[in-house]
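Mapping to our numbering: the sequence shown position 30 is 30, numbers consecutive.
Quick reminder that beta carbons are idealized off the backbone N, C-alpha and C, glycines included.
Please read these numbers as outputs of a predicted model, since none were measured by experiment.
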Amino acid sequence: MTAGPFADLGRIVVCIPTYNERENLPLIIARLRAAVPEADVVVLDDGSPDGTGAIADELSATDSAIHVVHRTSKAGLGAAYLAGFSWAREQGYDVVVEMDADGSHQPEQLPRLLAALRGADLALGSRWVAGGSVVNWPKHRELLSRGGNFYTRLSLGVPLRDATGGFRAFRTTAFNALDLGAVESQGYCFQVDLAWRAVRAGLRVVEVPIEFVERERGESKMNQKIVAEALWRVTVWGATDKWARLRGAGS
Ligand SMILES: Nc1nc2c(ncn2[C@@H]2O[C@H](COP(=O)(O)OP(=O)(O)OP(=O)(O)O)[C@@H](O)[C@H]2O)c(=O)[nH]1
Ligand SMILES: [Mg+2]
């Protein structure tokens, strides 16, 4: 039995994917453990050359709520999260949270997501709803995020302001409706993929305002390949969906 203000939600685990985050990981985990002590943590490390995996092991040795899944090579955010979701289901968690290691997602705001999950299957931390914001983000990143979300709404008809964000909480029961085995997205379009699956499955998806803070330490893993993957996948999904609707309407 989990104690604390979110005991009614059951057992909670926060998945933190890492690739070369040795400076950030101890800080973010300390903040998380202080902010929501009832939540466990699982670090999903892709064999970081900077030794993040070993640091995660050290943290795990001092705190039984901290777990580590070691993966052999950098295979993208989507693959790391899918491994984390399987692990969380095997371990019998009721709530799975996605959170970056670099401090952009503030653990102190996790209670907002968890509170919203009481009336939802998926609670999305959102920068682009009233009350949401970004701090110190370069203008080009803001434009990319706003543009990506606009294109997502246009192509997929997803009624969300921030479908690309990566600070979110799922009830693990929601995973049953998402057909996770069919998810191919590797980079950040994984986030759009899952949000869209949730909307199509008729799950209750809510957006919660968050303040997103630009990373202060370590290097971004964002690159053109990740943007290109998101662009082509969203375009193909949108076109396939429209084609299916047209055929459905014609038959
Ligand atoms: N395991 C794993 N983690 C990854 C991979 N790519 C990124 N991450 C982690 O995913 C989180 C988000 O990546 P970031 O590089 O911060 O991406 P971003 O937030 O879009 O970029 P910035 O805003 O510039 O920081 C961080 O915790 C990364 O360490 C990957 O291939 N494998
Ligand atoms: Mg980041």
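C-alpha gap between residue i and residue j, whole angstroms
i: G147; j: W232; result: 14 Å
i: S73; j: R245; result: 39 Å
i: L143; j: W137; result: 10 Å
i: A130; j: A116; result: 15 Å
i: R112; j: A34; result: 15 Å
i: A88; j: G250; result: 43 Å
i: A3; j: R247; result: 51 Å
i: A177; j: E219; result: 35 Å
i: E216; j: V13; result: 25 Å
i: S126; j: G47; result: 30 Å
i: G202; j: W196; result: 10 Å
i: L32; j: A169; result: 14 Å
i: W128; j: E211; result: 10 Å
Buried versus exposed, by CB contacts within 10 Å (16 or more), residue i
i: A174; result: buried
i: A239; result: exposed
i: T172; result: buried
i: Q224; result: exposed
i: S64; result: exposed
i: G103; result: buried
i: D179; result: exposed
i: Q191; result: buried
i: H67; result: buried
i: H140; result: exposed
i: P37; result: exposed
i: S133; result: exposed
i: G5; result: A quick correction: the sequence has Pro, not Gly, at residue 5. That one is exposed.
i: Q91; result: exposed
i: T18; result: buried
i: R11; result: buried
i: A198; result: buried
Contact with chain C by residue i, beta-carbon distance below 8 Å
i: Q91; result: Chain labels in this structure do not include chain C; a single protein chain is all it has.
Residue i beta carbon near ligand 3 (any heavy atom closer than 7 Å)
i: A80; result: This structure simply doesn't include ligand 3; it includes ligand 1 and ligand 2 instead.
Residue i: first and last residue of the uninterrupted beta strand (DSSP E) it sits in
i: I12; result: 12-18
i: D45; result: 39-45
i: V213; result: 211-213
i: V171; result: Before going on, a small fix: residue 171 reads as Arg here, not Val. 168-171 is the extent of the beta strand (DSSP E) around R171.
Terminal residues of the alpha helix (DSSP H) in which residue i lies
i: L25; result: 25-35
i: Q191; result: 189-200
i: E184; result: E184 -> no alpha helix (DSSP H), and no H or E assigned at all.
Starting from the N-terminal end, write out each residue whose C-beta falls within a distance shorter than 7 Å of any non-hydrogen atom of ligand 2.
What you get when you keep residues with a C-beta closer than 7 Å to any heavy atom of ligand 2 is D100, D102, S104, R215, S220.
List, from N- to C-terminal side, the alpha helix (DSSP H) runs of 4 residues or more that fit wholly inside the stretch 63-143.
Within the stretch 63-143, the complete alpha helix (DSSP H) segments at least 4 residues long are 77-90, 110-117, listed from N- to C-terminus.
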